[in-house]
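Those protein sequence lines, which keep their order, are chains L and V.
Heads up, the first sequence is in this note's numbering, so the first residue is 7 and it goes up one at a time.
Heads up, the second sequence is in this note's numbering, so the first residue is 7 and it goes up one at a time.
Note that beta-carbon positions come from the ideal geometry of N, C-alpha and C, so glycine has one too.
Protein chains: 2
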Amino acid sequence: MQYELFYWPTIQGRGEFIRLALEEAGAEYVDVARQPGGMDRLMAALEDASTPSFAPPFIRAGGLTVGQTATILLFLGDRLNLAPREEAEGLFSHQLQLTIADLVAEVHQTHHPVAVDLYYQDQLAEAKRCARAFCAKRIPKFFDYFEGILAQPKRGGFLAGGKLSYVDLSLFQVVEGLRYAFPRAMRRLEPAYPHIVALHDRVAARPNIAAYLASPRRISFNDDGIFRHYPELDSE
Amino acid sequence: MQYELFYWPTIQGRGEFIRLALEEAGAEYVDVARQPGGMDRLMAALEDASTPSFAPPFIRAGGLTVGQTATILLFLGDRLNLAPREEAEGLFSHQLQLTIADLVAEVHQTHHPVAVDLYYQDQLAEAKRCARAFCAKRIPKFFDYFEGILAQPKRGGFLAGGKLSYVDLSLFQVVEGLRYAFPRAMRRLEPAYPHIVALHDRVAARPNIAAYLASPRRISFNDDGIFRHYPELDSE
């Protein structure tokens, strides 16, 4: 099956969680908006679907159009063999993905605490307060949670189902993004989370992921995405 | 099957989306933390599960423990006949539920724009800016989206699958909550969204929902939940 991914062409953003799943699986896919004329196709598809999306990313495959990052991963997980087959662990992987979505929303809030429609510069004072609290309290709270799960002996170093699933790829991306956005905070925090760091490294070393990260298909982090490096937000 | 719902006992919060589904279906359930000794059971269950949750709500049934509001609804939807059976519409109902989750997170941000761990009074100035932008831009953006879907002729007045599903109950709850939190803004906005208002009224009139809303099981809105009425945040 060929997959069409519709997402903004110049950022990793929420689309990156989908790209990582497609790349790990070696799936045949087109990153539509990065093709010539692709942005027009994205904007048209956003409106046209009988199951329209509130915002990108969304994916089209086999006559279906599916939006919302975690729903797309639910859809792809079965098809790409990137989700546990067993019901309890399948639900758990999805539950963890939604917890990552909550974390990602809080990351976005660090640079846009007042309004998504305002420029960063117009909410800088609020952003500094928000980012300080995020690095001091929220990263540890989320990381304590994921570390605790990875430390369960039965997990075998993966979050759900005893083998790699889409949510492991997403936690890898969270670590990558937080290292870019908050390098000083992460240097201080990471030693307390050996299982998370080990999972990150194990994902980075997978052949398809390593090839993807080294390819031009991997867009660099930049300050238009979710994870932004504003040094003034990265507390010592 | 008997369901055990674990959620804070004194607020509607995110647990209310689950309560509405259980009530509509006439399911046999225990709202654990509202029973004598229930808070201790909630705190113990939060830590103990082999599939632990980051935060309430979570649900236990048939040996499974499932967390994250939208994952719980995915789990319950099939069992309670509150989700479309067909794959495309089943995914769509879940996609819409996650869009509601995004909206709910933004509602929470209006009174806690800087940090969830800080008191409202310590982020009041930021909250005023955030709520103003939310009422002016974000409610209309989300409501335009849901109104457009409900206006599709094939929808038959429901969001997905041509009949009532959990996501209709959730959109009802969003309207209820926004009316409580931002009554002035909602009075101004609602006339532009006749399909959403009609869906709200249709849900409110369902016998099981009407009985629930009139019962002591329905906790009143208050200023500890997600939807809070702070008059200074409700713009004229």
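What number of angstroms, rounded off, separates the C-alpha of Arg5 (chain L) from the C-alpha of Glu95 (chain L)? Residue coverage of chain L in this structure runs from 7 to 242, which leaves residue 5 (chain L) outside it and unanswerable.
Since Val38 (chain V) contacts Arg47 (chain V) with CB under 8 Å, what's their CB separation in whole angstroms? So it is a contact: roughly 5 Å between Cβ atoms.
Beta-carbon spacing of Ala187 (chain V), Phe233 (chain V) below 9 Å: Cβ distance < 9 Å, so Ala187 (chain V) and Phe233 (chain V) count as in contact.
List, in chain order, every chain V residue whose beta-carbon is nearer than 9 Å to that of Phe81 (chain L). One finds Glu93 and Leu97 in chain V with Cβ atoms closer than 9 Å to the Cβ of Phe81 (chain L), taken in chain order.
Are Arg135 (chain L) and Val120 (chain V) closer than 9 Å when you measure CB to CB? In this structure, Arg135 (chain L) places its C-beta atom within 9 Å of the C-beta atom of Val120 (chain V).
Quick one: is Leu195 (chain V) near chain L, going by C-beta distance under 9 Å? Not closer than 9 Å to any Cβ of chain L, the Cβ of Leu195 (chain V) fails to qualify, so no.
For a minimum of 4 consecutive residues, which ranges assigned as the alpha helix (DSSP H) are wholly contained in the region 114-170 of chain V? For secondary structure counted as the alpha helix (DSSP H) over 4 or more consecutive residues, the region 114-170 of chain V holds these complete runs in sequence order: 130-139 and 145-156.
Is any beta-carbon of chain L found at less than 9 Å from that of Tyr125 (chain V)? Cβ-Cβ to chain L under 9 Å: no for Tyr125 (chain V).
For the alpha helix (DSSP H) that Gln245 (chain L) lies in, which residues bound it at each end? With chain L represented from 7 up to 242, any question about residue 245 (chain L) goes unanswered, as that position is not in the structure.
First through last residue of the alpha helix (DSSP H) which encompasses Leu219 (chain L): In the DSSP assignment, Leu219 (chain L) falls within the alpha helix (DSSP H) that extends over Pro213 to Leu219.
Work out the CA separation of Gly154 (chain L) and His235 (chain L) for me, nearest whole Å. One alpha carbon belongs to His235 (chain L), the other to Gly154 (chain L), and they sit about 28 Å apart.
Please go through the same chain and pick out, in chain order, the residues whose beta-carbon is closer than 6 Å to the beta-carbon of Arg138 (chain V), but skip the five residues on each side of it. Ser241, listed in sequence order.
Please report the Cβ distance between Asn59 (chain V) and Leu52 (chain V), rounded to the nearest whole angstrom; I am assuming they are in contact, meaning their Cβ atoms lie under 8 Å. Reading off the sequence, residue 59 (chain V) comes out as Ser, not Asn. For Ser59 (chain V) against Leu52 (chain V), the beta-carbon gap comes to about 6 Å, under 8 Å, which counts as contact.
Measuring alpha carbon to alpha carbon, tell me which of L:His114, L:Val113, L:Val122 and L:Leu79 ends up nearest Gln101 (chain L). It is L:Leu79 whose Cα lies nearest to the Cα of Gln101 (chain L).
Where Ile155 (chain L) meets chain V, residues with beta-carbon distance less than 9 Å: Among the residues of chain V, those whose CB is under 9 Å from the CB of Ile155 (chain L) are Thr57 and Pro58, following chain order.
With 9 Å as the threshold, decide whether the Cβ of Glu132 (chain V) is near any Cβ in chain A. Going by chain labels, chain A is absent from the structure shown, which instead holds the protein chains L and V.
Top-ranked residue by Cα proximity to Cys141 (chain L), from L:Met192, L:Ala61 and L:Tyr218: Shortest Cα-Cα distance from Cys141 (chain L) to any of L:Met192, L:Ala61 and L:Tyr218 involves L:Met192.
Quick check: is any heavy atom of the ligand ZN less than 8 Å from the C-beta of Ser221 (chain L)? With respect to the ligand ZN, the structure shown offers nothing to examine, as it has no ligands at all.
Just the chain V side, please: which residues come within less than 9 Å of Lys143 (chain L) by C-beta, in chain order? Within chain V, Ala121, Val122 and Asp123 have C-beta atoms less than 9 Å from the C-beta of Lys143 (chain L), given in sequence order.
When you compare each of V:Arg161, V:Leu88, V:Leu109 and V:Tyr13 to Pro62 (chain V) by their alpha carbons, which one comes out closest? The residue from V:Arg161, V:Leu88, V:Leu109 and V:Tyr13 with its alpha-carbon nearest to that of Pro62 (chain V) is V:Tyr13.
Among L:Gln103, L:Val36 and L:Pro222, nearest to Phe23 (chain L) - alpha-carbon criterion: Selected option, being the one with the closest Cα: L:Gln103.
So is His100 (chain L) in contact with chain V if we call contact Cβ pairs under 9 Å? His100 (chain L) belongs to the set of residues whose beta carbon lies under 9 Å from a beta carbon in chain V.
Chain V contacts made by the region 26-44 of chain L, where a contact means CB separation under 8 Å: Listed by position, the residues of the region 26-44 of chain L near chain V (Cβ gap below 8 Å) amount to none.
Counting only beta-carbon separations shorter than 9 Å, does Leu11 (chain L) have a partner in chain V? Chain V contact via Cβ: absent.
Please list, in chain order, all residues of the same chain as Leu82 (chain L) whose beta carbon is under 6 Å from its beta carbon, the five residues on each side excluded. A distance below 6 Å between beta-carbons, with the five flanking residues on each side excluded, links Leu82 (chain L) to the following residues of its chain, in chain order: Ala27.
Would you report the Cα separation of Glu112 (chain L) and Gln115 (chain V), rounded to the nearest angstrom? Glu112 (chain L) and Gln115 (chain V) have their C-alpha atoms roughly 10 Å apart.
Are the C-beta of Lys169 (chain L) and some C-beta of chain V separated by less than 9 Å? Not closer than 9 Å to any Cβ of chain V, the Cβ of Lys169 (chain L) fails to qualify, so no.
Please state if the CB of Glu30 (chain L) and the CB of Leu88 (chain L) are separated by a distance shorter than 9 Å. Closer than 9 Å, so yes.
With respect to the alpha helix (DSSP H) encompassing Thr16 (chain L), which residues constitute its N-terminal and C-terminal limits? First-last for Thr16 (chain L): undefined, no H or E at that position.
On a CA-only basis, which of L:Asp230, L:Met45 and L:Tyr172 is nearest Leu86 (chain L)? Give me that one, please. When each option's Cα is compared against that of Leu86 (chain L), the closest is L:Tyr172.
What is the DSSP secondary structure of Thr75 (chain L), counted as helix, strand or coil? The answer is helix: DSSP assigns Thr75 (chain L) an H, G or I state.
Check each candidate in V:Tyr125, V:Asn214 and V:Val203 and name the one with the smallest Cα separation from Ala157 (chain V). Closest in C-alpha terms to Ala157 (chain V), from the list V:Tyr125, V:Asn214 and V:Val203, comes V:Val203.
Among L:Arg20, L:Leu109 and L:Lys160, the one whose alpha carbon lies nearest that of Pro146 (chain L): Comparing Cα positions, the closest option is L:Leu109.
Residues sharing a beta bridge with Ala10 (chain L), DSSP: Ala is not the amino acid found at residue 10 (chain L); the sequence shown has Glu there. Looking at the DSSP assignment, Glu10 (chain L) forms a beta bridge with L:Val36 and L:Arg66.
In three-state terms, what does DSSP make of Glu92 (chain V)? It is coil, neither helix nor strand.
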